[in-house]
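Residue numbers (this note's numbering): 9 to 120. Each remark here refers to the structure printed beneath this line.
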Ligand SMILES: [Zn+2]
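What follows is the structure, encoded as structure tokens:
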């Protein structure tokens, strides 16, 4: 890929991640009341979405830093993310620097 295409793709991915992130927050604020899913299920889904967002942002970071993962999640702010999401049930995500993955302090897990 040419450098221009690479930068363009990267900006697009970042923009999508941001839009997704913002839309997601709004959706939980506006809707959900009267939804059939119990609160625990909704927050687990949001938590897993947060983890996916973080891990894709970490992957983007890696692409621009010679394959190195960020030292801490704070390294992603503000260049890659406006702020670090937390579990809807409270608590900062646990970050595994070697793997470039995050996990929920409340045990929400994506069954991939
Ligand atoms: Zn969680």
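Ideal placement from N, C-alpha and C gives every residue a C-beta, glycine not left out. Since we're looking at a predicted model, the values are computed, not measured.
Worksheet item: Is residue 69 helix, strand or coil by DSSP?
Response: helix
Worksheet item: Quick one, what's near ligand 1 if you take every residue whose CB is closer than 5 Å to any heavy atom, in chain order?
Response: 55, 95, 112, 114, 116
Item to complete: Identify every run of the beta strand (DSSP E) within the stretch 76–117, keeping only runs that are complete inside it and at least 3 residues long; order them along the chain.
Response: 102–104, 109–111
Practice prompt. Specify whether the stretch 44–59 and the stretch 68–77 touch according to this definition: at least 3 beta carbon pairs, one from each stretch, less than 8 Å apart.
Written response: no
Worksheet entry | Euclidean distance between Cα positions of residue 86 and residue 55 | 21 Å
Worksheet item: Are there 16 or more other CB atoms within 10 angstroms of the CB of residue 81, so buried, or fewer, so exposed?
Response: buried
Discussion item. Applying the 10 Å Cβ sphere with the 16-neighbour rule, what's the burial state of residue 115?
Written reply: exposed
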